[in-house]
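The structure appears below as structure tokens.
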Amino acid sequence: MSLNKNNSAVKRIMHEARELANDPCTDYTAAPLEEWHCTMRGPPGTEFEGGLYHFRVLLPAEYPFRPPSIMMLTPNGRFELNTKICISFTNYHEELWQPAWGVRTAIIGLQGFFPIKGQAAVGVGSIECPTSERKRLATQSRNWTCPHCQKSNVSILPDPAGVLEVFAQPQPNPGQAISHAERTATTSLDDNSSVVTESSSSSLRGEGLPPKSTVQVGLTETVQSRDEQRNTWRTNRPPASLDAAISILLVLLFVIICRRMV
Numbered sequence: 330m331s332l333n334k335n336n337s338a339v340k341r342i343m344h345e346a347r348e349l350a351n352d353p354c355t356d357y358t359a360a361p362l363e364e365w366h367c368t369m370r371g372p373p374g375t376e377f378e379g380g381l382y383h384f385r386v387l388l389p390a391e392y393p394f395r396p397p398s399i400m401m402l403t404p405n406g407r408f409e410l411n412t413k414i415c416i417s418f419t420n421y422h423e424e425l426w427q428p429a430w431g432v433r434t435a436i437i438g439l440q441g442f443f444p445i446k447g448q449a450a451v452g453v454g455s456i457e458c459p460t461s462e463r464k465r466l467a468t469q470s471r472n473w474t475c476p477h478c479q480k481s482n483v484s485i486l487p488d489p490a491g492v493l494e495v496f497a498q499p500q501p502n503p504g505q506a507i508s509h510a511e512r513t514a515t516t517s518l519d520d521n522s523s524v525v526t527e528s529s530s531s532s533l534r535g536e537g538l539p540p541k542s543t544v545q546v547g548l549t550e551t552v553q554s555r556d557e558q559r560n561t562w563r564t565n566r567p568p569a570s571l572d573a574a575i576s577i578l579l580v581l582l583f584v585i586i587c588r589r590m591v
């Protein structure tokens with residue numbers, strides 16, 4: 330397909346393609362084919378965390394003076410598939426679009442709209458799904474393959490180096506996990522029971538307890554220390570006459586302030 334490289338829209342698209350290629354991000358990737366195809370990482374700390382979502386960005390002929398349209402391709406539980414979705418920087422809200430924005434702005438904005446809930450999440454192309462279903466779709470989205478790109482999401486946007494992805498690890502058998510938990514709980518209970526039994530036996534035999542004379546000396550020292558603190562507090566306590574004088578001064582100060590206000 331031949332393009333008119335003198336067209337302002339084509340120049341802008343080629344510039345954004347070079348900018349995205351020269352400054353990649355681990356959270357998303359995008360490239361123009363016959364249209365822009367993008368893969369985005371699910372927002373962390375949400376039910377979409379770990380998911381990889383593929384979508385199309387459709388640029389109008391008047392781009393960048395008119396906003397793009399976005400259509401989700403990967404099942405996600407937040408937006409309908411193959412439907413132009415309504416968010417603030419798409420063709421549904423041309424009055425909000427700024428020509429300085431670009432494809433990167435649309436990707437980051439879409440990522441921010443994923444976890445929104447309530448009335449703010451309602452719009453054309455939006456859907457409601459249980460959190461458990463969205464988490465299940467997030468796990469499956471990693472291996473979803475775009476029929477046009479012929480690549481899976483995880484091969485298009487690999488996990489960052491040094492980051493352990495829970496979704497990338499094989500999930501244990503629930504039965505095995507329960508058995509292991511039961512064995513651990515039983516072992517801990519047996520160990521605690523033996524410790525309690527040994528401690529109780531030692532207490533009954535008097536083992537591990539300090540001599541009686543040591544206990545008496547310690548008790549005597551504690552009582553003496555408390556008496557000394559009580560005497561020190563009584564000695565350092567200000568006299569009652571000083572408390573009364575301070576109270577009178579405060580009352581007089583309050584009266585003077587009230588008269589000046591009147």
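Note that our numbering has the sequence shown beginning at 330, numbered continuously upward. C-beta atoms are modelled at their ideal positions from N, C-alpha and C, and glycine is treated no differently. For clarity, every value in this text was computed on a predicted model and none was experimentally measured.
Worksheet item: Can you tell me whether A435 is buried or exposed, with buried defined as 16 or more other CB within 10 angstroms of its CB?
Response: buried
Fill in: Start-to-end residues for the alpha helix (DSSP H) that takes in V339
It spans 337–351 - the alpha helix (DSSP H) in which V339 sits, taken as one unbroken run.
Discussion item. Can you find the residues in the same chain that come closer than 7 Å, C-beta to C-beta, to A573, ignoring five residues on each side of it along the sequence?
Written reply: none
Item to complete: Can you tell me which of the three DSSP states I577 falls into?
Response: helix
Fill in: Within 7 Å, strictly: CB atoms of L402 and L486
Between L402 and L486, the CB-CB gap reaches or exceeds 7 Å.
Worksheet item: Going by DSSP, what residues sit across from K413 in a beta bridge?
Response: Paired residue(s): M400.
Worksheet entry | the segment 343–357 / the segment 416–426 touching (three or more Cβ pairs under 8 Å) | Judged by pairs of C-beta atoms under 8 Å, the segment 343–357 does not touch the segment 416–426, as fewer than three such pairs exist.
Discussion item. Can you tell me whether E376 is buried or exposed? The criterion is at least 16 other CB atoms within 10 Å of its CB, across all chains shown.
Written reply: buried
Worksheet item: Helix, strand or coil: how does DSSP classify H422 here?
Response: helix
Worksheet item: Ordered along the chain, which non-local residues of its own chain (more than five positions away) have a Cβ less than 6 Å from that of L581?
Response: Cβ neighbours of L581 beyond the five flanking positions: none.
Discussion item. How far does the beta strand (DSSP E) with F442 in it extend, from its first residue to its last?
Written reply: F442 -> not in any beta strand (DSSP E); alpha helix (DSSP H) instead, spanning 432–442.
Worksheet item: With respect to the beta strand (DSSP E) encompassing V386, which residues constitute its N-terminal and C-terminal limits?
Response: 381–387
Worksheet item: Would you report the Cα separation of A338 and S461, rounded to the nearest angstrom?
Response: The alpha-carbon of A338 is positioned some 42 Å away from that of S461.
Item to complete: Between the Cα of Y392 and those of F583, P489, K340, N472, spot the shortest distance and give me the residue it belongs to.
Response: K340
Worksheet item: Buried or exposed: L579, going by 16 or more other Cβ atoms within 10 Å of its Cβ?
Response: exposed
Practice prompt. Sort N411, R465, T412, R407 by Cα distance to A449 and report the nearest one.
Written response: Looking only at N411, R465, T412, R407, the smallest Cα-Cα distance to A449 is reached by R407.
Discussion item. Applying the 10 Å Cβ sphere with the 16-neighbour rule, what's the burial state of N482?
Written reply: buried
Worksheet item: DSSP on F583, reduced to helix/strand/coil?
Response: helix
Practice prompt. Answer with buried or exposed for R588, where buried requires no fewer than 16 other C-beta atoms within 10 angstroms of its C-beta.
Written response: In summary, R588 is exposed, with fewer than 16 beta-carbon neighbours lying within 10 Å of its beta-carbon over all protein chains present.
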